[in-house]
Amino acid sequence: MIPEFLTLSDYERETLNRYEPLLSKVAYEFASKVYETVLNDQILSPLIRDLSVEDAKARIKKYLEIFSAEDQQCKVIADSISDFKNFEISTAKIIDICNAYHKEILNAINSISSFADRQILTFAVFKRINFIMFFHTDKFLKVQNSRLKKREEIYHALVDVSRLWNENDQMALDEILKLTAEMLVKDLNLGLVWVGNVGEDGWVKIRGSAGDAIGYTHNLRVSIDEKSPYGEGPAGVSLRSGKTSILRDFDDPKFKVWRQMAKTYGLGQAAGVPFEDFYGRKWITMMYARVDREMPEYIEDLLDDLSKNLKIFVDRRLSYLEIQRLKGYQEALTQIQRELIKNPPPDAIYKLAVEMITQYTDALTARVSVPDPDSEWMKVISASGKHADTFLNQKIASKDPANHPYGNTSTGRAFRDKKPVIVDNPQADPSFQELWSIHPELKIGAVGSWPIFSEKDTLPVAVLTIHSLNPRYFNQELRMLVEQVISSIETAIKQYDAKKQIEWMALHDALTGLTNRRYFEQSVISAMKRAKREKRYLAIGIADLDDFKLWNDTFGHIVGDELLKKIGNVFQSILRGGDIVSRMGGDEFLFHVMIDNVEDLEIISKRVLKSIYDLEMPQMKITCSLGWAIYPEDGENLENLINLADKVSYTIKQKGGNDYGILNKAWMDKFQRADKVHLEFHKAIEKGDIQFFLQPKCDCFEGKIYGVEMLARWKTENGWIPPDEFIDVVEKDHDLIRTLDCYVLEKAFELREKIKTTGISEISFNIGAKHFLDKNFLKDVTDRINDGHDLKIEITESSAVKDMEMTKYTIESLKEMGFAFSLDDFGTGYSSLIHANLPVDEIKLDKFFVQALRTNANAFTVAVSVLTLGALSGRHVVAEGIETAQDMELWMRMRGRYVQGYFVAKPMEEEELFKWINTSKHLNYKKLRPFLFTDFIILKYAFTDTEHMKTCYCHSEFSKCPMTLWFEKRRLIYGILDHFKEAEEIHKRIHEKVKSNTLKKSDIETMHAIFHNLYLEIAQMVDV
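Numbering (my numbering), first residue to last: 292 to 1315.
As structure tokens, this is what we get:
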């Protein structure tokens, strides 16, 4: 509506038309000026940017033609405003242009000669210029109002979206994106909105969508690849350029692949804007107008602001998800640590870890793999989450890098490299492609593997692997939390191993690895129940190595320990399932074996002995003594059964070892007697029931008793207990033997005063080995006796050998007090002749050798050696156990002089000895002269009984036989004797018969008689 005061009168319109050429010329000239002004103005220049100079000037001139009709002028102005509606042209600039134009026109009017026309034109131009300004301003304000209204819609949509995000910041990202799309569709009256991000494969994944045409997105494919037809549309262009992209014409060839589908869903235009999140992932928001509607004005503004706000929101949301994820791993770590306090075994630790990770975090799968010791594979022993069954039931990872593709997985690499391996995009990793072709069901965005170590292993004991759908899942903070999980697991494994080691050590022997006595006692309980239930027997055994102390002393404890380890392994290898061997300590091993009868046990025993004997030990042969007691036959108490088996083993050892024994009645009686000794011996001494019998020691050359030996006897209501029933027990017990020795010292001191009147000059008594080598022994002696004259201490050779230095020191100390010393049982120890250098006054040849002089050639040889040693060293050599006249005669012929035995007198009580000394006629063998040493061989042949005569023929060759050599050497001296030649001939025949294996008993008897006659002839010559 044009104001009335700006409407031209007819006369004014007619005048304008009449001066049209003038006004047209002014308009053309001013249009050039306006063009220059517009061209140089930053705001106005876009108005003519796409026009040629002439077209631009023509359009401006048309705009300035004030002589046209009002309706035509209005149309021109309206069209101009419409054409330049997207440009921000201020009203002030329009007014400035109009004012300048007005001045130009007035200048032109002043050239008109007619004053009336000048006046009319001045008013008419004023009206038309103001009309232009008024109409332009009015139209422009309407356009601006329309624009403001549209912008309000845009910003209203932005405000609504912002409010939606603020009110739902805890909502899942995909859900909030869906609601965002719904709100934009509603506020902007769109057909479709979707938001998506580019995956690692280069394809867009739609995360949220809404609109009537939502079906369009169901099969929508969009790529970022410019070479793909699916990457040519507005979304692909926008994603690659990073700028807003608008497509207003779907007939564009670049939209070909989506055109039909867009038509189906009634979509006509599209606009998209990209952004990147802080992970660097590309996102895009796409808006589609319906086919019958234009894309909203200022859509570029909306998209620009929306992309900025959406980036902020997505980053904030992803940050929130990151925090939530870290909280989840923190909670999983807390739960794992809480459960690890219970110290579970490794398998339970692994199961706990994977379950807690998948329960409290968004991990896709968690699994623990351990190296299979028998193959190249990593075996999954615990898995949780999606695909857990796949990993548990199939071989996925290999330790071998040459095994493709399984050797190149993160699990295998972490195991080999001994460090974490993170793969952010395994789907695109070339080393994984073959694996995906084999297992297409595994859709994994990222994978991380951490090796797990125990303290004792250089290689990992396991590998923890975590899968995620998110390609950039393992950020630095999350890795640190997983490493804390690994650290907790490793600590728990070490604690469990330490606990198991402590438990193992509590039940096992650290040296051999065998179970120990504690384990043995626990296992016996169930074994006894089984034996009782099955009506069988349980044998309890002890194996004690023979001479193990000698082994240690000879080869050292390190070699001794190695021996014990080998024996432990051997014992383990020969036992049946269910049978147990344990190391009791030292060189003793405990067994319990299930048997049906004694024959079973004998077979097992022989196997045990053979296994030890067959050990390949270059130093020396190893044997053992094995003793058994049987449950329930021999008792039901384990301690008692072990004690009985130990006693059997000890008895076997005392007999020489390398054998086994099964408890029987005789042994049981013996052990019971020993137990009685332990219980009653102290009381017996206190009561005076332990008394000392005295056995005379005789000098056969002089025919007199020169001393007595005190021998302990135990008096009971049933008579005297012989020493062999209690002395061995006492000597093995340090406390008992010390008590007995102190007692004998006191009694010896008393006896010395009593016996002086009998002419006996020596009282000897035995001191036990355990007491003699005790550090308190010297004090025990000096506390009771201060003068040792006429007292002789007898120590056994076996006690001396245990500590030669200590033995020598003790002897020398007591000899200074007047004591004499006798080395008792000489010949039974190790290297007897070496021990003869001890400062002793007397050597007592053990009765074994004395009583075997006529049955054992070796015993004869030892006796000769000892007599020679005594003669050369000035010591008495006493023969113990002389019981027959033959033994006495042979001893004397061997240059023996001192004897002690039943042939002289048996041990007797003190009073009986005094009577016997005064009434008995003592032995006198002065008439028997000793043989020359050269002729001792005749004594052996003459005195050896016929049953053992064959042992004299130790040399198969006649020429090398000692007897043959004696005949040759002594022929000149004894060849005249009646039986010399006869003896020589039968000696030769015996050799022949031995060689031909035709020797008979009658031949031996004949030979023995001839040699005895030869002895008698030689004896007559010697005794003359």
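Cβ coordinates follow ideal geometry from the N, Cα and C atoms, glycine included. All figures in this text were calculated on a predicted structure; none of them were measured in a lab.
Test item: CB-CB of residue i and residue j under 7 Å
| i | j | result |
| --- | --- | --- |
| M669 | S675 | no |
| P525 | G563 | yes |
| I1028 | K1066 | no |
| Q982 | R1004 | yes |
| K545 | E567 | no |
| A623 | Y651 | yes |
| Q1337 | E1171 | Beyond the ends of the chain as shown, which are 292 and 1315, falls residue 1337; an answer cannot be given. |
| W456 | F604 | yes |
| M1185 | L1158 | yes |
| N634 | Y828 | no |
| K1099 | L1069 | no |
| F962 | K944 | no |
| R874 | D800 | yes |
| E1053 | K1083 | yes |
Boundaries of the beta strand (DSSP E) in which residue i is found, first to last residue
| i | result |
| --- | --- |
| N488 | L483 to V489 |
| A561 | L558 to E567 |
| K573 | K573 to R581 |
From the options, residue whose alpha carbon lies closest to that of residue i
| i | options | result |
| --- | --- | --- |
| R1354 | W494, L593 and D1074 | The structure shown does not extend to residue 1354, since the chain is modelled only from 292 to 1315, so the question has no answer here. |
| K856 | G804, L829, T625 and L1307 | G804 |
| N488 | I400, A580 and S598 | S598 |
| K394 | I1086, M424, Y828 and F321 | F321 |
| E806 | H973, Y579, F882 and F422 | In the sequence as presented, Glu is not what sits at residue 806; that position holds Thr. T806 has its Cα closest to that of F882, out of H973, Y579, F882 and F422. |
| W842 | N761, L481, P909 and L760 | P909 |
| F706 | D691, P520 and F1040 | D691 |
| L906 | R867, L932 and G859 | G859 |
| A448 | I411, V1020 and V484 | V484 |
| L1002 | R898, A1039 and R1262 | A1039 |
| D837 | F1140, A1143 and K946 | K946 |
| Y810 | P565, T1098, M1179 and V872 | V872 |
| S864 | T649, N1128 and R898 | R898 |
| R1280 | G1266, M1254 and N699 | M1254 |
| Y1216 | R808, C991 and M875 | C991 |
| A644 | L655, E630 and V1168 | E630 |
| G506 | T555, F1139, E1296 and S519 | T555 |
Own chain, CB closer than 6 Å to residue i, minus 5 neighbours either side, in chain order
| i | result |
| --- | --- |
| A936 | I831, G832, I833, G918, W919 and A920 |
| H1282 | F1249 |
| Q1311 | none |
| G736 | S759, L760, N761 and P762 |
| I537 | A562 |
| R309 | none |
Own chain, CB closer than 7 Å to residue i, minus 5 neighbours either side, in chain order
| i | result |
| --- | --- |
| V325 | I351 and I388 |
| N1304 | H1270 |
| A1196 | Q986, P987 and W1207 |
| W549 | G524 |
Integer-rounded CB distance, given that residue j should sit under 8 Å from residue i
| i | j | result |
| --- | --- | --- |
| V1131 | I1102 | 7 Å |
| C1321 | Y1189 | Shown here, the chain extends from 292 to 1315; a query on residue 1321 therefore has no answer. |
| G499 | T471 | 6 Å |
| F1056 | E1000 | 7 Å |
| E912 | Y904 | Per the sequence shown, the amino acid found at residue 912 is Lys instead of Glu. Correct: roughly 7 Å between the Cβ atoms. |
| V582 | G559 | 4 Å |
| E812 | L929 | 6 Å |
| G490 | A580 | G490 to A580, Cβ: 27 Å. No contact. |
| I1086 | F1112 | 7 Å |
| D1236 | R1145 | 5 Å |
| N766 | E613 | 7 Å |
| R616 | L769 | 7 Å |
| Y392 | I411 | Not quite, the Cβ-Cβ distance comes to about 19 Å (not below 8 Å), so this is no contact. |
| L1181 | F1234 | 5 Å |
Beta-carbon proximity list for residue i, same chain, < 8 Å, skipping 5 on both sides
| i | result |
| --- | --- |
| L900 | T914, C915, L917, N949, D950 and Y951 |
Segment limits, alpha helix (DSSP H) that includes residue i
| i | result |
| --- | --- |
| K938 | L929 to Q945 |
| V1131 | It is not in any alpha helix (DSSP H) - V1131 carries neither H nor E in the DSSP assignment. |
| S817 | R808 to E825 |
| G918 | Taken as a continuous stretch (DSSP letters only), G918 belongs to no alpha helix (DSSP H), being part of the beta strand (DSSP E) at C915 to Y922. |
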